[in-house]
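Below: the structure, in structure tokens.
In our numbering, the protein residues as written are 520 to 621.
Here is the structure:
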């Protein structure tokens, strides 16, 4: 191959609707909590059928959040989608929160 199909240095990776804010700014700043955001965004989309894009701007009382009927799951996903990486739960905490929903 001539390398034209390889990811270029500095290229944006991921779907914007599911991407953590810090990843949009600088992919090199990605950390475990960036993955927590991505997983929380995916779970939100699976549960609601809605894209999580601009969800933080909509606020916690938006109609999209109302589709998450379990308050504990809503709280967990809202924490996982926090705009500030350090405010998100760790992956272990997210897992424990999900297991507690059973």
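Glycine included, each C-beta is placed from N, C-alpha and C at the ideal position.
Quick check: the Cα distance between residue i and residue j, rounded to an integer number of angstroms?
i, j, result
"residue 566", "residue 586", "8 angstroms"
"residue 543", "residue 535", "8 angstroms"
"residue 563", "residue 537", "10 angstroms"
"residue 571", "residue 583", "9 angstroms"
"residue 545", "residue 533", "12 angstroms"
"residue 590", "residue 547", "34 angstroms"
"residue 554", "residue 611", "12 angstroms"
"residue 580", "residue 541", "24 angstroms"
"residue 613", "residue 588", "18 angstroms"
If distances are taken between C-alpha atoms only, which option among the options comes closest to residue i?
i, options, result
"residue 592", "609, 602, 549 and 619", "619"
"residue 598", "588, 609 and 589", "609"
Assuming residue i and residue j make a contact with CB atoms under 8 angstroms, what is their CB distance in whole Å?
i, j, result
"residue 550", "residue 602", "No, residue 550 and residue 602 are not in contact; Cβ-Cβ is about 15 angstroms, not under 8 angstroms."
"residue 595", "residue 568", "In fact, because the Cβ distance is near 18 angstroms, the residues do not count as touching under 8 angstroms."
"residue 607", "residue 552", "4 angstroms"
Decide if the segment 542-559 is in contact with the segment 574-581; the criterion is three or more beta carbon pairs, one per stretch, under 8 angstroms apart. Not touching, per the Cβ criterion.
Give, in chain order, every unbroken run of the alpha helix (DSSP H) that is at least 4 residues long and sits entirely within the segment 520-599. Runs of the alpha helix (DSSP H) inside the segment 520-599: 540-544, 551-567, 574-577, 582-585 and 590-599.
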